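> Each residue of the sequence shown is one higher than the last, beginning at 9 in the numbering used here.
So that we are looking at the same thing, I have put the structure below in structure tokens.
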Amino acid sequence: MLSHHELATLLRLADTGRRQEAIDPDVLALSRYELIEIDRREEGVMVGGTSALRLTSRGRELVRRLFGGGGGV
9 MLSHHELATL
19 LRLADTGRRQ
29 EAIDPDVLAL
39 SRYELIEIDR
49 REEGVMVGGT
59 SALRLTSRGR
69 ELVRRLFGGG
79 GGV
């Protein structure tokens with residue numbers, strides 16, 4: 009089950025598409041659940057840095073199921 013912080017992070021990413029984001033525990037958890045992808049070719053993938061994030065197909069499917077296909081995903 010996702011925490012409310014993880015869900016908020018997932019929805020923020022769903023609304024904006026690929027974005028630069030700090031690598032924090034919520035981002036790492038979403039990556040472990042295979043809901044987001046961290047672009048490791050970008051600089052700053054250490055905790056506290058920033059990296060490019062995007063939803064995986066699994067993450068898009070979860071958002072679609074939660075919100076009926078809305079949110080521009």
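All C-beta atoms in this analysis are idealised placements derived from N, C-alpha and C, irrespective of residue type, glycine included.
Small disclaimer: the values here were computed from a predicted structure and weren't measured.
In this structure, does DSSP put Leu74 in helix, strand or coil?
Note: Leu74 maps to helix in three-state DSSP.
> Cβ of Glu14 within 8 Å of Cβ of Ala37?
Taking 8 Å as the Cβ cut-off, Glu14 and Ala37 qualify as a contacting pair.
> Mind checking Gly25: buried by the 16 CB within 10 Å criterion, or exposed?
Result: exposed.
> Per DSSP, what kind of secondary structure is Asp32 in: helix, strand or coil?
DSSP places Asp32 in coil when its eight states are reduced to three.
> Could you pull out every residue in the same chain whose Cβ sits closer than 6 Å to the Cβ of Arg62, ignoring the five residues on either side in sequence?
These residues qualify, in order along the chain: Arg26 and Glu45.
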